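First the structure, in the form of structure tokens, and then the observations on it.
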Ligand SMILES: Nc1ncnc2c1ncn2[C@@H]1O[C@H](COP(=O)(O)OP(=O)(O)OP(=O)(O)O)[C@@H](O)[C@H]1O
Ligand SMILES: [Mg+2]
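Residue numbers (this note's numbering), protein chains in the order written: chain V, 1 to 350; chain Z, 1 to 503.
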């Protein structure tokens with residue numbers, strides 16, 4: 001029942017967002033129907049489109065779940081961007097030099113990338129634990145440091161001189177992650193991470209403690225939860241997930257090397273998705289897919305219609321606002337209506 | 001004609017909590033009117049409506065025969081209605097007069113004339129006979145004095161009606177008496193007072209009329225003549241109070257808790273919050289700590305459960321020195337009911353189930369496999385204890401937020417008492433609870449004592465301490481200043497020690 005309600009609310013909000021966007025597209029003198037058709041064709045319309053959507057969604061799912069777990073535990077990890085970059089650069093560099101068979105190399109490179117992300121988050125964890133520095137600030141700052149540090153690595157020590165932009169060399173071909181009919185294995189890793197994260201949050205004792213910390217940290221502390229070590233673990237684990245996102249971007253994506261801008265906006269999109277999804281990992285997964293459709297479909301929109309690419313970012317923002325806004329509005333008015341009917345009943349009974 | 005007439009007031013909190021259903025209330029000019037009722041009866045809601053803090057779902061309010069819409073406290077103040085809340089809203093680092101004029105400052109080109117303001121506030125203070133210096137910092141004042149500042153604040157805003165929501169909950173008997181004198185003085189000067197309290201003797205002492213609410217309905221408004229506390233209680237609860245607390249002689253056994261030479265210094269000022277405190281608790285007895293709020297009892301409890309590290313001294317539980325142990329390790333052997341159920345005792349937005357298994361989750365019997373919680377076991381445990389402790393709820397997946405105050409506290413108490421620890425630390429376990437819930441929790445406390453648990457009871461309610469304790473310490477300025485057998489002293493004597501007026 002509760003699940004049904006949440007799904008219904010999400011669908012209504014998304015539809016509202018589409019209506020609002022349609023109006024905006026009209027004001028731009030384009031046809032909303034054409035735009036939406038392009039969005040559909042390129043986002044969902046065929047297996048090719050759909051598998052590519054899933055590939056696009058994969059990093060978003062990782063960063064989204066990373067943010068969702070952190071926020072639900074009361075740990076404000078906003079460093080997904082930096083952690084992803086550190087994971088990506090580590091995997092990209094090792095992928096050039098490592099010399100082991102493919103079946104071993106791919107998982108090793110993925111995990112090492114994850115650890116690089118965890119390490120980056122670990123700096124924030126250490127500052128929090130020993131100097132009580134707010135992870136909110138430290139993870140944010142580490143994003144900037146990570147950004148410039150990785151660009152430095154790709155521009156100087158590990159530069160591929162044949163590339164046109166600052167980039168590392170291509171990783172060994174044996175480490176390219178396989179795909180099935182266009183759908184990359186990385187997506188299955190994302191599904192596995194979803195299941196693992198759900199199990200951790202809902203079933204384990206530490207997950208229980210973490211969620212209670214998210215609800216009320218004083219309650220958790222006084223109740224005997226290991227608040228400090230759980231926070232550290234959550235920071236490391238969510239850092240790992242973001243790092244893994246970066247590693248899989250190298251192993252499974254299309255570039256197979258680290259280059260400037262490879263992190264795109266995955267970090268911040270993940271944070272946004274987690275917020276829309278109320279920090280629930282399952283909802284995060286589905287919103288990740290939804291944004292995958294938008295992103296992929298957006299490419300189609302640009303091909304087929306005269307809507308400029310900037311407008312697509314604008315539409316994304318509108319959709320986020322509409323989803324969040326409509327959801328609150330629905331909750332508010334449905335509550336108002338319920339209390340009004342209750343009032344009628346109570347007055348009538350008198 | 002009544003001065004204020006509230007007619008057929010309904011309030012439904014979204015989505016469907018009926019807080020008030022068709023309540024009438026009329027206030028005459030210059031009367032002291034008490035509003036009583038159990039937890040969740042709707043007293044605060046009714047008053048917040050009159051003060052413009054919340055909007056009624058339906059109903060009308062007349063002031064002096066004029067129909068009014070009170071949409072905000074600002075509006076209420078214009079109509080001469082002022083309210084002092086259950087929780088104070090003062091800024092500790094401001095002076096008394098600054099707190100009083102806050103939001104109503106008279107300024108010239110943005111500058112407040114401090115001296116003039118302070119004088120003006122002092123005038124008001126003197127006119128009504130309060131004994132407070134308007135130039136003191138609020139942080140230097142006692143709780144009782146802070147409450148007076150809240151009242152003065154309303155008087156400064158020219159309130160003719162003063163609503164006092166449970167003003168005596170945190171006061172000693174002496175302080176309460178002083179407050180009553182003040183209230184009567186205000187009445188003499190023509191003010192109308194609405195007084196809310198769970199203590200019926202207080203209500204009978206000062207009111208002219210009493211309105212009884214039960215479950216959002218008005219039961220009656222009665223003149224305070226020839227009416228007894230028992231009759232009022234019956235109107236409030238709908239049935240007579242069933243039992244009296246009977247306490248058997250305590251049979252204390254071995255020592256379960258001993259606090260030795262405990263001292264704590266404040267980080268901010270170099271003041272000692274606790275100095276050289278020595279107390280002990282044995283199995284099978286209730287040991288009370290009496291003291292005016294803010295005299296170190298809170299810190300003492302925090303030291304025992306491990307939230308504050310003492311600067312010197314030791315804490316021994318069950319013959320083991322626990323001074324260096326973490327909260328987590330200590331909670332395996334201590335049951336603890338914190339004073340603040342909303343912000344420490346519960347996670348209001350988690351489920352009732354999740355609230356009930358806190359701390360239990362550390363125990364082996366709730367583990368499953370290497371990492372998991374045994375949710376099935378947790379559920380059946382939650383069902384058992386909610387039944388045993390008479391918690392009223394609809395669904396274990398509900399949030400404690402929707403429970404009444406009494407039921408929220410029962411969740412906390414059920415969780416802690418079912419832990420089975422030999423040491424139970426209770427910090428204000430019945431604060432703000434109505435008579436029935438209070439009696440119920442009192443009975444549980446004595447049950448636990450008879451089951452040979454050692455109980456440390458910190459309370460601001462002296463009656464409660466006198467009733468339940470087998471031994472009683474008085475704490476003042478961070479020192480234990482007296483140690484009594486409550487059968488051998490009366491409340492007044494204990495109060496004298498609390499105030500520091502004893503030889
Ligand atoms: N903000 C709120 N949202 C939902 N329900 C509320 C809210 N505030 C109060 N209630 C509910 O409305 C009812 C009346 O609450 P109210 O605070 O007026 O009671 P009260 O008589 O003041 O009780 P107490 O003696 O505990 O202070 C209770 O059932 C309470 O749970
Ligand atoms: Mg109240």
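Glycine included, each C-beta is placed from N, C-alpha and C at the ideal position.
Fair warning: this is a prediction, and the values are worked out from it, not measured in the lab.
Straight-line gap, residue i to residue j (C-alpha atoms, nearest Å)
i, j, result
"residue 493/Z", "residue 445/Z", "25 Å"
"residue 137/Z", "residue 318/V", "50 Å"
"residue 336/Z", "residue 291/Z", "19 Å"
"residue 487/Z", "residue 472/Z", "10 Å"
"residue 408/Z", "residue 221/V", "19 Å"
"residue 152/Z", "residue 185/Z", "13 Å"
Proximity test, residue i beta-carbon vs ligand 1 heavy atom, cut-off 7 Å
i, result
"residue 518/Z", "The structure shown does not extend to residue 518/Z, since chain Z spans only 1 to 503, so no value can be given for it."
"residue 451/Z", "no"
"residue 39/Z", "yes"
"residue 461/Z", "no"
"residue 68/V", "no"
"residue 17/Z", "yes"
"residue 404/Z", "yes"
"residue 440/Z", "no"
"residue 434/Z", "yes"
"residue 131/V", "no"
"residue 13/Z", "yes"
C-beta neighbour in chain Z for residue i, strict 8 Å
i, result
"residue 260/V", "no"
"residue 343/V", "yes"
"residue 83/V", "no"
"residue 350/V", "yes"
"residue 212/V", "yes"
"residue 339/V", "yes"
"residue 5/V", "no"
"residue 347/V", "yes"
"residue 336/V", "yes"
Residue i Cβ short of 7 Å to ligand 2 heavy atom set
i, result
"residue 122/Z", "no"
"residue 86/Z", "yes"
"residue 165/Z", "yes"
Neighbour flag for residue i against chain V, beta carbons, 8 Å
i, result
"residue 299/Z", "no"
"residue 14/Z", "yes"
"residue 79/Z", "no"
"residue 394/Z", "no"
"residue 327/Z", "yes"
"residue 405/Z", "no"
"residue 173/Z", "no"
"residue 40/Z", "no"
"residue 18/Z", "yes"
"residue 56/Z", "no"
"residue 349/Z", "yes"
"residue 354/Z", "yes"
"residue 305/Z", "yes"
Contacts around residue i, its chain only, beta-carbon distance under 8 Å, and the 5 residues preceding and following it disregarded
i, result
"residue 67/Z", "60 and 61"
"residue 435/Z", "38, 198, 200, 233, 236, 237 and 241"
"residue 76/V", "70, 134, 135, 136 and 139"
"residue 177/Z", "none"
Proximal residues to residue i (C-beta, below 6 Å), its chain only, five neighbours per side dropped
i, result
"residue 410/Z", "389 and 391"
"residue 412/Z", "337, 341 and 345"
"residue 297/Z", "289, 291, 458 and 475"
"residue 252/Z", "282, 284 and 285"
"residue 267/V", "63, 80, 81 and 84"
Own chain, CB closer than 7 Å to residue i, minus 5 neighbours either side, in chain order
i, result
"residue 498/Z", "172, 290, 291, 292, 474 and 476"
"residue 299/V", "42"
"residue 208/Z", "31, 32, 33 and 224"
Chain C contact residues for residue i, given Cβ-Cβ distances below 8 Å
i, result
"residue 326/V", "Considering every chain present, this structure includes no chain C. Its protein chains are V and Z."
Short-range partners of chain Z found in the segment 215-245 of chain V, where Cβ spacing is below 8 Å: Against chain Z - using a Cβ distance shorter than 8 Å - the residues of the segment 215-245 of chain V are 215, 216, 218, 219, 220, 221, 222, 223, 224, 225 and 226.
Taking a Cβ distance cut-off of 8 Å, strictly less, list which residues of the segment 196-209 of chain V are near chain Z, in chain order. 203, 204, 205, 206, 208 and 209: these are the residues of the segment 196-209 of chain V whose beta carbon lies less than 8 Å from some beta carbon of chain Z, given in chain order.
By the 9 Å beta-carbon criterion, what residues does the segment 373-395 of chain Z contribute toward chain V? Taking a C-beta cut-off of 9 Å against chain V, the contacting residues of the segment 373-395 of chain Z are 373 and 375, listed in chain order.
Would you list, in chain order, the members of the segment 309-337 of chain Z that have their beta-carbon closer than 9 Å to a beta-carbon of chain V? Against chain V - using a Cβ distance shorter than 9 Å - the residues of the segment 309-337 of chain Z are 326, 327, 328, 329, 330, 331, 332 and 336.
Output needed in chain order: residues of the segment 262-284 of chain Z with a Cβ under 9 Å from some Cβ in chain V. Result list empty, no residue passes.
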